[in-house]
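Student:
In the UniProt record's numbering, the protein residues as written are 1 to 705.
Rendered as structure tokens:
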């Protein structure tokens, strides 16, 4: 009897034991939270928090003699994460690896698989291009094994970058100064910036003139410009050429309309965003730095809590160079456009009946996961940066599925005594995609109703002298575009590349444009002289193409690395002998140390230049280099307002008596008080220029030029 009771108790205990769950491993906690909600109680979703293994920081970590095998180690600080993953894996019924759908994501899955000693051929890899309920559930129906071609492609890039960086950097440390670095993509980016700077320095402006004129037909006036003589375009090199043309004209006489050409021009929408075009547009339109763009995009992809709907990914995967769109997304966009704007705005008709195939595409463009989640509706759930980027992505995608803009154009030739003027008019006939997204707005410029044979009168002429301008320095958007057009780097590399060349102080951003520093020019000269292939755009693009071919199984990664490294290692050996040590002489600051009295010198630090005592390390006194505005501090009225820079290189204004006076302002005080409430006025940057405002109220005035 007792045995029966014991057996019954054991059965009950066993039945109460929690059933084993299926374990899903992703990279980030926010992504884990979103996915776990979709999969339900039978799954446990945890995060590896990025990579768990990498090459060691203290040494090369690549066995050159043994087919460039990488020596991976657990990343410092990830011990507890790895311990928890092993514990969860041991208790799991099944294990799935759901890191991002790209090379890096595949590599993370492979490293996790190795740490957990999973079956290499096991079908435990799950990928999805968007984090939505349907996409996630569909992906788990067809798990696959880890794609070693993708892993090898990522591994080859990592090994190549390590070989280049850990070979050239020590040379720069010995010959220039410690803390410098070099890399495949960053060296090309720096070289492009310096070449542009050299073009600017070598530029010689050329004089040229224009003749802007105003004509009238009856009471209607319109603008026209000098075109040429006898129907042929003619440039005006100087004032003599201008006076010669004007001397031919009878200003009071009639001018004939000799040619009128009317056309209909169509302007098609741009395709949806790739990573680089998103970075470029966010920089131009939102003034977002590349890193900021990618951070906001990552948050939108991984999941945002939208109230009753819970956490949902609002955009598809943000690292892509494809402009393709799944057929389901096209159908949804078409349906939305028909309902919201009308059939005439939709590029395609919605599909009737059964939806087409293609809900998931690992290489899609960046798009909203649902166009019905409009920016206006999502705004309440998003931060300011998230909202701005989501609005940009949503608008670009929807517009890509809309009809072209239609513009009526009119080109008129006005002639007198063989001298030709041209007037161009345009009027938007149908807005098309520009209804929601427009880059470079088309403004109406309506001309009078002019016909061939009509005559008009000249109202006035305005000859103007001009000079050709040098090429502009690169902005972040322009540099990314140049790298992409030259085939250098890939979507995931642009943000860290631009960040690195700024952190090393090889370049600085002045008015949102890259300007090389003296240090950057020294480093570039060494690399250009000793490692010409590293900064050769065509060579770097060829290497990128070969690395891409590893991904598709067309190339062996060891072979690609070996063909690059053998000639490169010879250059390294030669550079060790040939490069002479460069003395970075300290510039005298012109002031003495207020601690020991020795002269202060200008030093180069992580965040730019600063003052330091020349007796370092005996005296460690340092001072920030500040620009005195000469304006009396509005708080203590004793010190003056000085311009300083934050650790993120952002300009702010403070009192010269700091820390005795803690006055600080992001905007520049102008030395006057607000006439309404007496608060100090500041000069604030606004769209289109600057404005004087009161930070404490609604007073504002224009900046006097």
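Using N, Cα and C, we set each Cβ at its ideal position, and we do this for glycine too.
Where does the unbroken alpha helix (DSSP H) through residue 290 begin, and where does it stop?
Tutor: For residue 290, the enclosing alpha helix (DSSP H) has its first and last residue at 290 to 302.
Student: Taking only the alpha-carbon atoms, compute the straight-line gap between residue 566 and residue 325 and give it to the nearest angstrom.
Tutor: 42 Å
Student: Give a yes or no on whether the minimum CB-CB distance between residue 31 and chain D is below 8 Å.
Tutor: Of the protein chains in the structure, only one exists, and it is not chain D.
Student: Fully enclosed by the region 174 to 257, which alpha helix (DSSP H) runs are 4 residues long or longer?
Tutor: 184 to 202 and 239 to 248
Student: Pull up the CB-CB distance for residue 31 and residue 302, whole angstroms please, since I reckon it's below 8 Å.
Tutor: 4 Å
Student: Who are the Cβ neighbours of residue 459 in its own chain at under 7 Å, not counting the five residues just before and after it?
Tutor: 214, 215, 216 and 221
Student: Is residue 331 helix, strand or coil by DSSP?
Tutor: helix
Student: Just to confirm before moving on: does the CB-CB distance between residue 535 and residue 564 stay below 8 Å?
Tutor: For residue 535 and residue 564, no; Cβs fall outside 8 Å.
Student: Within 10 angstroms of its Cβ, does residue 19 collect 16 or more other Cβ (buried), or is it exposed?
Tutor: exposed
Student: Between 126, 200, 318 and 307, which has its C-alpha nearest residue 141's C-alpha?
Tutor: 126
Student: Which ranges does the beta strand (DSSP E) cover as unbroken runs of at least 3 residues, wholly within the region 364 to 449, from first to last along the chain?
Tutor: 405 to 416 and 419 to 430
Student: Rounded to whole angstroms, what's the CA-CA distance from residue 669 to residue 676? Just pull it up for me.
Tutor: 16 Å
Student: To the nearest angstrom, report how far apart residue 87 and residue 74 are at their CA atoms.
Tutor: 17 Å
Student: What residues in its chain sit with their C-beta under 7 Å from that of residue 173, if we drop five residues either side in the sequence?
Tutor: 180
Student: Whole angstroms is fine: what's the gap from residue 514's alpha carbon to residue 163's?
Tutor: 27 Å
Student: Can you tell me the Cα-Cα spacing of residue 355 and residue 187, whole angstroms?
Tutor: With a pLDDT of only 40 at residue 355, under 50, the local geometry of the prediction cannot be trusted, and the value read off the model is given with reservation. Each residue's Cα considered, the two are about 48 Å apart.
Student: From which residue to which residue does the beta strand (DSSP E) around residue 31 run?
Tutor: Counting along the chain, residue 31 falls outside any beta strand (DSSP E), though it belongs to the alpha helix (DSSP H) covering 29 to 39.
Student: Could you give the residue range of the beta strand (DSSP E) that holds residue 343?
Tutor: Segment: none, residue 343 is in no beta strand (DSSP E) and carries neither H nor E.
Student: Could you tell me the alpha carbon to alpha carbon distance between residue 628 and residue 659, rounded to whole angstroms?
Tutor: 16 Å
Student: Just tell me which of 154, 149 and 208 has its CA closest to the CA of residue 469.
Tutor: Nearest of 154, 149 and 208 to residue 469, Cα basis: 208.
Student: Return the Cβ separation of residue 267 and residue 398 in integer angstroms, given the expectation that the two are a contact with Cβ distance under 8 Å.
Tutor: Incorrect: roughly 16 Å between the Cβ atoms, too far for contact.
Student: For residue 628, report the span of its beta strand (DSSP E) as first-last.
Tutor: 627 to 632
Student: What is the DSSP secondary structure of residue 706, reduced to helix, strand or coil?
Tutor: Because residue 706 is not part of the residues shown, which for the chain are 1 to 705, the question remains open.
Student: How big is the Cα-Cα spacing for residue 387 and residue 632?
Tutor: 39 Å
Student: Does the region 366 to 382 come into contact with the region 313 to 330, if we say contact requires no fewer than three beta-carbon pairs (one atom in each stretch) closer than 8 Å?
Tutor: With contact defined as three or more Cβ pairs closer than 8 Å, the region 366 to 382 and the region 313 to 330 are in contact.
Student: Are the region 633 to 653 and the region 592 to 604 in contact at 8 Å, needing three or more beta carbon pairs?
Tutor: Touching, no.
Student: When you compare the region 141 to 152 with the region 495 to 505, are there three or more beta-carbon pairs, one atom per stretch, that lie closer than 8 Å?
Tutor: no
Student: Here's a check: name, in chain order, each residue in its chain whose Cβ is nearer than 6 Å to the Cβ of residue 480, leaving out the five neighbours to either side.
Tutor: 276, 279, 280 and 494
Student: Identify, in the order they occur along the chain, each residue of the same chain with its Cβ nearer than 7 Å to the Cβ of residue 43, setting aside the five sequence neighbours on each side.
Tutor: The residues are 21, 22, 24 and 36.
Student: I need the DSSP call for residue 684, collapsed to helix, strand or coil.
Tutor: Residue state for residue 684 is assigned as strand, using DSSP reduced to three classes.
Student: So is residue 405 buried or exposed if we call it buried at 16+ other beta carbons inside 10 Å?
Tutor: buried
Student: In three-state terms, what does DSSP make of residue 314?
Tutor: coil
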